[in-house]
Amino acid sequence: MSIIKKQLAILKSVAFVTYKEWAAYRTHSMVSIFVGPVYFLVQYYIWTAVYGDGGTLAGMELSQTIRYFGVTALIGYLTMDFADWNLQMLIRTGKYLTFALRPLNHSFFALSQKVGHRFLGFYIEFIPCFIIFTLLFRINMIPESIGWTIISVALAFLMNFYVNYTLGMTAFWLVDSNGIRHMFSLVSAFFSGGLIPLVFFPNWLQNIQFFLPFQYVLYVPAMVWTGNYSLGGITMSIPHIVALQALAVISMIIISKVVNHFAIKRFTGVGA
Amino acid sequence: MKKAISIYLSCVKTAFSKAISYRSSFIFGTIITLLSNILFPIVTMLIYSNGASFFKWSIWEVLLLQSIYTMSLGVSSLIFNGVVWETMNHIREGSFEIVLLRPMPPLFYMIASNFNPESIGLCIGGVVMTSVSLANIGVMPAAIHLVKFLAMFISGIAVMGGLYLIMAAISFKWVGNSRIPEIFDSVKTFGKYPLEIFPKQIRFLTKFIIPVAMIGFFPCTALLGNSNNSELLLCIPCLIFLIFGIWIYNKMIKLYEGVGG
């Protein structure tokens, strides 16, 4: 019990310091208040034109599709992460050494940092964009089930972090992992459902998504938010898909720990 | 003028030599740049494969528009993209004096010394996609349409150039904000789709104020033979936009304070 208390205290203090550190650069985050609604506006007109007189596409009505893009933008503000960039930078410059010497697991430290960073994102990006989407575009942004949505977004937050952190660990082997990171972020943007809802994909490509981490980062929480999940012809109840998402997150954490076990042996601190 | 061209060509040569010395990084970077920019045509293909369309535009016509956009992005990125990032870095580090001390106009030096060979992939990808789209549409553009296309394509590059220079100029005041390009990327998105899908106000904005419609839409309609001669007048706001970009960049240089370096 005291270990959990101690870990929570560490998480709280690291998150708070990160929050304060990034709050100094808050205009950096405030860019989202312009960028998010502009992208949304483009999506709004694209899909309005695409749907034409109405009807459904890939089982989604226009209002659902528009809402989907608003929701994915909001979820993005809550789960955004660059642990991969940070870790590869620490490894490449040798600064990882300072973390290796601390009596604290680096992945936990990085996760705590992310918590602080996204708390700031919640105030500076999420809330303003939520208000803009709701009041200006008149889109219903209230989750269908607030409880399940919070759980699903929290799982997406963890999934995004552990996927990125594992990706960052490739720098232990490659030193400069920029190429692989960029390639992955491209694939991820496409298969997470950020560019187009996954139900628009060919059926076989939709089915593959159950075994890849991407949909659990964005598509699943977006569908939980909007209240119905369907992919590859499989419809699941919200508790079921959240349970599957939790299973995927646990698997990803295990993979990340295994990779970390082997990766740390590769570290050679610069100037150490 | 001769001297300026010779300096520019030397800088281009140096940029290529530098890229070739790290060839695996160059090849990988080129491929990634290309892939990241051909994703949105895939989205279009998915939309059409689900039986939907953008009004009367066929899938290959929309892909042609987006290929031209990619080509324009490639060429402008080749020339101007480095200016944004290098200006940002110089200002953040307080080392812009190095540029100011050169015996040539700072903007020219920044453009010449920051040629970005990695965008070659984007240009090639754009050309290939444009050719494939044209072949599938089955249109052989007439000479007059090609001339119109070229005038509009160059104007589109001028718009892109203006955008890059405004971004770089903003970084003199908004120091170290690496998200400035995101603001302009979001605005450019309006240029990736047929203009008809947007309401009047946005059409006006993208034709005359921030003329991003000239990046893809107008050159595409010219190539398809669907544009009228009066649309050539729309090249004027594009040139004004570039001139504004140059003016604002030079104006902002005067605000540079340095860090006593």
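Taken in sequence, the protein lines are chains H and L.
Residue 1253 in my numbering sits at position 205 of the first sequence; the count goes up by one each step and never skips.
Residue 33 in my numbering sits at position 53 of the second sequence; the count goes up by one each step and never skips.
We put the CB at the ideal spot given by N, CA and C, even for glycine.
- Ranked by Cα distance from residue 1299 of chain H, the first of H/1255, H/1214, H/1271 is H/1214.
- Taking the Cα positions, residue 1098 of chain H is about 42 Å away from residue 1224 of chain H.
- Around residue 1081 of chain H, the same chain offers 1176 as residues with beta carbons nearer than 6 Å, after the five sequence neighbours per side are excluded.
- Proximity to residue 1267 of chain H across H/1297, H/1204, H/1078 peaks at H/1204, based on C-alpha coordinates.
- Per DSSP, the unbroken beta strand (DSSP E) holding residue 1284 of chain H starts and ends at 1282 to 1284.
- One finds 23, 26, 27 in chain L with Cβ atoms closer than 8 Å to the Cβ of residue 1244 of chain H, taken in chain order.
- Taking 8 Å as the cut-off, the Cβ atoms of residue 84 of chain L and residue 136 of chain L do not count as close.
- Against chain H, the beta carbon of residue 19 of chain L has neighbours under 8 Å at 1234, 1237, 1238, 1243, listed in chain order.
- Taken through DSSP and simplified to helix, strand or coil, residue 1304 of chain H comes out as helix.
- Look at residue 162 of chain L: its C-beta is under 8 Å from a C-beta on chain H.
- Taking 7 Å as the Cβ-Cβ cut-off, the segment 160 to 188 of chain L approaches chain H at 162, 163, 166, 167, 169, 170, 173, 177, 178, given in chain order.
- Those residues of the segment 208 to 222 of chain L placed with their C-beta closer than 8 Å to a C-beta in chain H do not exist.
- For a cut-off of 8 Å, the C-beta gap from residue 1157 of chain H to residue 1117 of chain H is around 34 Å, too long to register as a contact.
- Any Cβ of chain H closer than 8 Å to the Cβ of residue 58 of chain L would place that residue at the interface, and such an atom is absent.
- Straight through space, the alpha carbons of residue -3 of chain L and residue 7 of chain L are spaced by roughly 13 Å.
- Chain-order list of chain H residues neighbouring residue 32 of chain L: 1098, 1099, 1100, 1105, by C-beta distance under 8 Å.
- Per the coordinates, the alpha-carbon of residue 133 of chain L lies some 22 Å from the alpha-carbon of residue -15 of chain L.
- In this structure, residue 121 of chain L lies near residue 203 of chain L, with their beta-carbon atoms less than 8 Å apart.
- Proximity of the segment 1255 to 1273 of chain H to the segment 1180 to 1200 of chain H meets the contact definition, three or more beta-carbon pairs being nearer than 8 Å.
- Residues of chain L whose Cβ lies closer than 8 Å to the Cβ of residue 1075 of chain H are, in chain order, 154, 157.
- Rounded to whole angstroms, the separation of the alpha carbons of residue 76 of chain L and residue 97 of chain L is 23 Å.
- Across the structure, residue 86 of chain L and residue -6 of chain L are spaced so that their CA atoms are roughly 19 Å apart.
- Looking at the backbone, the Cα of residue 215 of chain L and that of residue 18 of chain L are separated by about 26 Å.
- Less than 8 Å separates the beta-carbon of residue 1084 of chain H from that of residue 1121 of chain H.
- Across the structure, residue 51 of chain L and residue 127 of chain L are spaced so that their CA atoms are roughly 17 Å apart.
- For residue 1227 of chain H, the residues of chain L that pass the 8 Å Cβ criterion are 5, 8, 9, 12, in the order they occur in the chain.
- Distances from the CA of residue 1091 of chain H to each of H/1068, H/1067, H/1242 were compared; the closest alpha carbon is that of H/1242.
- The C-beta of residue 235 of chain L comes no closer than 8 Å to any C-beta of chain H.
- Of all C-beta pairs linking the segment 1251 to 1269 of chain H to the segment 31 to 51 of chain L, fewer than three are shorter than 8 Å, placing the two stretches out of contact.
- Membership of residue 29 of chain L in the alpha helix (DSSP H) is indicated by the continuous run 19 to 29.
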